[in-house]
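If you read the sequence shown in this note's numbering, its first letter stands for residue 3, the second for the next number, and so on.
To start, the structure under review is shown below, and the notes come after it.
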Amino acid sequence: MGLIASLPEIEKKRNSVFVMHEKSEKLIPLHRHNKGQLSYVEGGIAYITIENLTYVVPARHYFWIPRGMWHTLRLGHKATVLRSLYFYAHDDATDPFYSQLGIYPASELLIQMINYTECWDGRHVGGKDYNFEFLVALKKMLPEKSRKALPIVLPATNNEQMQDITDYLERNIGKRLTLGSVSKQFNIGERSLSRLFQSNLKISFLQYLKTIRMIRAIEMILKTGKPISEIAFAVGYSSINSFSDTFHEFVHARPTDFRKP
């Protein structure tokens with residue numbers, strides 16, 4: 003049973019943990035559930051959209067979605083394996099972690115623990131089941147292990163002028179783009195362009211540009227075998243060191259770390 007077909011099943015037993023491990027490339031449409039979702043992205047890349055924000059989840063990272071939060075989920079590569087645990091919510095008030103959407107790098111311990119849960123794939127696991135305490139311990143350790151959330155969040159807007167500008171940036175991501183050059187392209191002043199980004203996207207021009215470049219770089223690293231230097235150039239960086247430092251700022255890892263087996 004796939005994840006989309008399993009959505010009603012998740013809701014059936016409020017005090018259990020529902021386990022779902024799935025390999026696919028698909029869009030799970032707008033939905034919510036009465037349990038918190040812990041998912042580990044093993045290979046590939048995933049995208050979570052909440053209202054006008056899209057969060058990018060690279061391979062070897064995990065995310066937590068609080069109970070009741072409306073979201074869409076897109077698995078963006080055929081190699082993406084999504085290992086998900088849908089946790090009971092009766093103890094969520096014990097830590098602020100459980101009420102916030104977050105994306106985090108996965109430690110080796112957490113990866114091994116999540117992989118172990120595949121023995122329950124497609125099942126509800128409750129208090130009367132063997133080794134249920136293992137899942138309880140896994141949930142309790144999340145706040146301790148989840149201290150550095152990734153800031154890879156791409157805002158969107160319904161403003162048509164702003165959409166034209168962001169589309170232009172994405173089409174020309176490998177070029178030298180500055181506030182001045184983009185202002186001239188759209189025949190508006192630099193201060194006006196800067197205000198457009200702040201008022202519509204709640205982010206600066208430079209930060210938006212950095213974000214789309216890092217997202218494109220992550221996609222290329224995970225989906226292609228191109229050298230890191232070629233990827234850096236393709237997303238607009240002439241210096242490998244500058245690219246690597248910006249990449250580390252976003253994902254707390256170097257580009258080469260994403261290629262490690």
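Ideal Cβ positions, reconstructed from N, Cα and C, are used throughout, including at glycine.
Legend entry - Endpoints, the alpha helix (DSSP H) within which I205 is located: If you number the sequence shown from 1, residue 205 lands on position 203. Premise fails: I205 is in no alpha helix (DSSP H) and is neither H nor E.
Inset, instruction - Rounded to whole angstroms, what's the CA-CA distance from L112 to I12? Just pull it up for me. - result: Counted from its first residue, the sequence shown places residue 112 at position 110. Counted from its first residue, the sequence shown places residue 12 at position 10. When rounded, the distance between both Cα atoms is 22 Å.
Inset, instruction - Taking H33 as the reference, give the member of I50, F235, S41 with the closest Cα. - result: Locating residue 33 in the sequence shown gives position 31, where the first residue counts as 1. Looking at the Cα atoms, I50 is the closest of the given residues.
Inset, instruction - Throw me the rounded Cβ distance for the D123 and M22 pair, which I believe falls under 8 Å. - result: The residue you call residue 123 lines up with position 121 of the sequence shown. The residue you call residue 22 lines up with position 20 of the sequence shown. Between M22 and D123 the Cβ distance is about 7 Å, and since that is below 8 Å, they are a contact.
Legend entry - Three-state class that DSSP yields for P68 in the structure shown: Position 66 of the sequence shown, counted from the start, is the residue given in the question as residue 68. If DSSP states are grouped into helix, strand and coil, P68 belongs with coil.
Inset, instruction - Tell me where the alpha helix (DSSP H) around E24 begins and ends. - result: Position 22 of the sequence shown, counting from 1, holds the residue named residue 24. Boundaries for E24: no alpha helix (DSSP H) harbours it, while the beta strand (DSSP E) harbouring it runs 19-25, taken from the DSSP string.
Legend entry - Straight-line Cα distance separating P107 from F99: The residue given as residue 99 occupies position 97 in the sequence shown. The residue given as residue 107 occupies position 105 in the sequence shown. Taking the CA atoms as reference points, F99 sits about 15 Å from P107.
Inset, instruction - Tell me where the alpha helix (DSSP H) around I233 begins and ends. - result: Residue numbering aside, residue 233 sits at position 231 when the sequence shown is read from its first letter. Per DSSP, I233 belongs to the alpha helix (DSSP H) from 230-236.
Legend entry - Check whether F252 and I154 have beta carbons under 8 Å apart: By 1-based counting over the sequence shown, the position of residue 252 is 250. By 1-based counting over the sequence shown, the position of residue 154 is 152. It is a contact, given that the beta carbons lie within the stated cut-off.
Inset, instruction - Under 8 Å by Cβ, that's how I've got I223 and P257 pegged, so tell me the actual separation to the nearest angstrom. - result: By 1-based counting over the sequence shown, the position of residue 223 is 221. By 1-based counting over the sequence shown, the position of residue 257 is 255. Indeed, because the Cβ distance is near 6 Å, the residues count as touching under 8 Å.
Inset, instruction - Could you check if Y57 is buried or exposed, using at least 16 other CB atoms within 10 Å of its CB as the buried criterion? - result: Translated into the one-based positions of the sequence shown, residue 57 becomes position 55. Classification of Y57: buried, given that the 10 Å Cβ count is 16 or more.
Inset, instruction - Note down, one range per segment and in chain order, each beta strand (DSSP E) of at least 3 residues found wholly within the stretch 102-136. - result: You should have 104-107.
Legend entry - Where the beta strand (DSSP E) through E44 begins and ends: Counted from its first residue, the sequence shown places residue 44 at position 42. Start and end: 38-44.
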